[in-house]
Amino acid sequence: APPFQRAMSHYVIQVINFHATDYGQTLWGDTDEIGSFNPPKFATHIQVDCSYQDPIFYSRGIAGLKVTTAHEFQHSIQIGNYGYWYGENYFYEICAVWMETMVHPEVPDYLQYLSDSFGNPLGEFQTPDQTFVLGNGLIEYSRVVWAKYLRKRWSRDLMLHVWQNIPSYHTVQAMDHALGGVSSSFSQAFIEWGDWNYHTGSRSDTVKYYSEGNLFPEIALRPVLDYVSPSGFVIDSIEAISCAYQPVHYSTDFLERVTNLDINAPSPESTEGYTLQIDGSGGSGYTRLQNGLYVSLQVAHPENWSVVSTVPQSVTDAIAYPDPFFSSKSGALNFLFPQTSAVTATLQVMTQNMELVYKNSLPVNSNLGQSFVSWDAKNFHGDRLAAGIYIYSINAGGILYNGKFAVIR
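Numbering (my numbering), first residue to last: 10 to 418.
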């Protein structure tokens, strides 16, 4: 329980009209400081809106009140029992939004911080290259997914252990110590979290990664590097404790995830440069990829950086049926492959001359221990395919299935 304000025998919650500006807030004054602690602790009170009916609210009425009380009461516990590190609001908001999802999972209010009404990414999913310790009024709320990652990857108790460290350590160090107790570290977890944030939307795997990952937007990518033999490179920069997702176009497209792990940067918001080199023959300092290429990350302080490659595993044990496909008949063309936990898969179809005629994300269906996607065999223009031989690839959960099928009239 949070401490009460002076001369109070109960915790004060004021109901006011915020005039469509805020959900609520947690307040304290100079006389509310408790003892002499570093970080300081305060007794607080909460203000909530009187109706939650204004258009500003993503969750209206009682639903808005539910997430607000969970959020603000979590702040009162944080500040009253563990202390308030000034300038580190980002972590307090991550945990308060997460507490909304823990107390009231039936109100997914947090989704408003991940994408807009059109599905465009916001916050972390729009700018993963902004420092993790940033608080700008949005991005810290979107990073509730960090707490969701910690809970599913380990347990909800891990967050409690972080808070138990807050009176002794600043927030990043408190997380590092708590993660050390589960044989990890802040840096290791941050690298892995970057992988989780890539596997959302059409790339989601709700068993291995976020349970609600299919509801999340896909993370913003850097402009595609079109690899042309013998080498290609990207010169870029990102802030401390952030990452960049660099797609590379090759015979099989792949991704390089560059992470800046400099937790001791004097100014986390200042950018640090790097050069990402893709090469066909490699050499000293290069790492060989599964597709036969080599990658190297050139930075001033390599101990503070990481580069992780995501190369789709290419296999051929998928079946297209019916094959041949009669374009003059009604019905769908189905692609059968081993069972996957992915909820969507990306189907790409090309002519033998490698002309792309179709590419889209399709829902994955499962039956009798196998998965499949169904397609109406219409190209980008909505026309049935012409007779001929076609090449297909299906990306399901990071595994690439490919093969050929015939269309006849």
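We put the beta carbon where it would ideally sit given N, CA and C, even for glycine.
Reduced DSSP category for residue i - H, G, I as helix; E, B as strand; rest coil
i	result
residue 161	helix
residue 295	coil
residue 54	strand
residue 270	coil
residue 16	coil
residue 90	helix
residue 382	strand
residue 81	helix
residue 155	helix
residue 218	coil
residue 243	strand
residue 123	coil
residue 330	strand
residue 212	helix
residue 226	coil
Host beta strand (DSSP E) of residue i (start-end)
i	result
residue 252	251-258
residue 127	Looking at the DSSP string, residue 127 is not in any beta strand (DSSP E), and its letter there is neither H nor E.
residue 46	Where residue 46 is concerned, there is no enclosing beta strand (DSSP E), given that its DSSP letter is neither H nor E.
residue 411	408-417
residue 202	Not the beta strand (DSSP E): residue 202 falls in the alpha helix (DSSP H), residues 195-207.
residue 359	353-360
residue 183	Run containing residue 183: none in the beta strand (DSSP E); it sits in the alpha helix (DSSP H), 180-189.
residue 106	Residue 106 -> not in any beta strand (DSSP E); alpha helix (DSSP H) instead, spanning 98-112.
residue 367	365-372
residue 288	280-288
residue 402	397-405
residue 346	342-347
Option nearest residue i by Cα separation, candidates the options
i	options	result
residue 305	261, 244 and 359	244
residue 386	340, 13 and 53	340
residue 229	399, 216, 255 and 390	255
residue 62	125, 79 and 29	29
residue 34	43, 22 and 42	22
residue 239	274, 185, 303 and 179	303
residue 311	128, 369, 145 and 294	294
residue 109	90, 150 and 124	150
residue 32	58, 112 and 300	58
residue 53	157, 389, 39 and 216	39
residue 95	342, 394 and 143	143
residue 338	394, 80, 300 and 298	394
residue 111	145, 84 and 157	157
residue 77	372, 90, 91 and 113	113
residue 289	69, 301 and 371	301
residue 361	408, 398 and 148	398
Whole-angstrom C-beta distance between residue j and residue i, which should lie under 8 Å
i	j	result
residue 247	residue 277	In fact, because the Cβ distance is near 11 Å, the residues do not count as touching under 8 Å.
residue 349	residue 211	With 8 Å as the limit, residue 349 and residue 211 do not qualify as a contact, their Cβ atoms being about 13 Å apart.
residue 351	residue 401	The Cβ separation is near 17 Å, so there is no contact.
residue 327	residue 412	6 Å
residue 88	residue 51	5 Å
residue 134	residue 206	7 Å
residue 331	residue 380	At roughly 18 Å, the Cβ-Cβ gap does not stay under 8 Å, so residue 331 and residue 380 are not in contact.
residue 252	residue 203	5 Å
9 Å Cβ cutoff met for residue i and residue j
i	j	result
residue 410	residue 344	yes
residue 104	residue 172	yes
residue 355	residue 404	yes
residue 267	residue 233	no
residue 200	residue 270	yes
residue 93	residue 137	no
residue 236	residue 257	yes
residue 11	residue 100	no
residue 196	residue 185	yes
residue 183	residue 167	no
residue 318	residue 296	yes
residue 396	residue 416	yes
residue 287	residue 222	no
residue 333	residue 414	yes
residue 106	residue 153	yes
residue 139	residue 67	no
residue 24	residue 75	no
residue 118	residue 72	yes
residue 123	residue 225	yes
residue 382	residue 371	yes
residue 161	residue 91	no
residue 102	residue 179	no
residue 227	residue 209	yes
Residue i: first and last residue of the uninterrupted alpha helix (DSSP H) it sits in
i	result
residue 303	From DSSP, residue 303 is part of no alpha helix (DSSP H) but of the beta strand (DSSP E) over 303-307.
residue 169	166-174
residue 314	No alpha helix (DSSP H) holds residue 314; the beta strand (DSSP E) holding it covers 314-319.
Residue i at chain C interface by Cβ criterion, 9 Å
i	result
residue 137	Included in the structure is just one protein chain, with no chain C present.
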